Ligand SMILES: [Fe+2]
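In this note's numbering, the protein residues as written are 1450 to 1752.
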């Protein structure tokens, strides 16, 4: 059984408070203040916490939460991971309550990331304002030392089959032309073309790190509104573009703490049955170009 989706993730950021206006004005979603041991949260669909924000000097990803349909499928997955030699630990009640789920387990993968397997998400009537339809976390994109090993681990261990791969060359960032080769594997779950992407960089490059996360919304209008909000605040990382493999229309923006978020809509669904696994030679059909502010668009850059 594959996970249903990437239900939540935990980020360490230097200033969680900066996410409150960002959530309201740019993402147009809810922000919940930290209370007691409960960290600040970004709230998306169904009043569910989608991003937990811990305060830390360095921006990093702390954990990724994978939703399973029920106790039986979650424990099957725990058993499979244990067979592979991974230590899986039941989550204490305090963590289970903070994630607002019926049950969870956690484990560390061989690439330096912590994961949580959970079932029974608690939902309640929406109490926070959101103008978005049904925004959801789409995927996380992680750097790993060995993408082939990561493909195998996440397929066998977490139950995420491969959708496809992209091999291309990039410059200083994935969006700039250059001659740095990069291989990306895209792992599907349920109906999503990918819920996780893993990439390895050439020797000397980082072998761990969060490249970006994706928030998926229902309509191009929502993408366009967020694009304008980022344009106004000088948060754009790229222009709008369409990806080759999942055909999503999206753009990349810089959230507080330097977290890169892909914000988009319209991805084609995964083919969970037997399918060929293509390797594309470019990440985008068009767009996704580095955004270069000009004095006309941003007077602050005039000097
Ligand atoms: Fe992405």
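All residues carry an ideal CB built from backbone N, CA and C; glycine is no exception.
The structure presented is a predicted model; accordingly, all values stated were derived computationally and were not measured.
Q | Exposure of residue 1484, with buried meaning 16 or more beta-carbon neighbours within 10 Å | A | exposed
Q.
For residue 1671, tell me which candidate among 1713, 1546 and 1559 has the shortest Cα-Cα distance.
A. 1713
Q) Can you give the Cα-Cα distance for residue 1476 and residue 1650, rounded to whole angstroms? A) 30 Å
Q. Is residue 1711 near ligand 1, in the sense that its beta carbon is under 7 Å from a heavy atom of that ligand?
A. yes
(Q) Considering only DSSP beta bridges, list what residue 1663 is partnered with. (A) 1711
(Q) Cutting at 6 Å between CB atoms, please list the residues of its own chain near residue 1523, excluding the five before and the five after it. (A) 1517, 1566 and 1568
Q | Beta-carbon proximity check, residue 1512 vs residue 1563, cutoff 8 Å | A | yes
Q: Within the same chain, show all residues whose beta-carbon is closer than 6 Å to that of residue 1550, passing over the 5 residues directly before and after it, in chain order.
A: 1567, 1569 and 1570
Q | Nearest-angstrom Cα separation, counted from residue 1460 out to residue 1487 | A | 13 Å
Q.
Just to confirm, is the Cβ distance from residue 1665 to residue 1587 under 8 Å?
A. yes
Q.
Suppose you measure from the CA of residue 1454 to the CA of residue 1499; what does that come to, to the nearest Å?
A. 12 Å
**Q.** Continuous beta strand (DSSP E) assignments of at least 3 residues falling wholly in the region 1564 to 1621
**A.** 1585 to 1592 and 1611 to 1619
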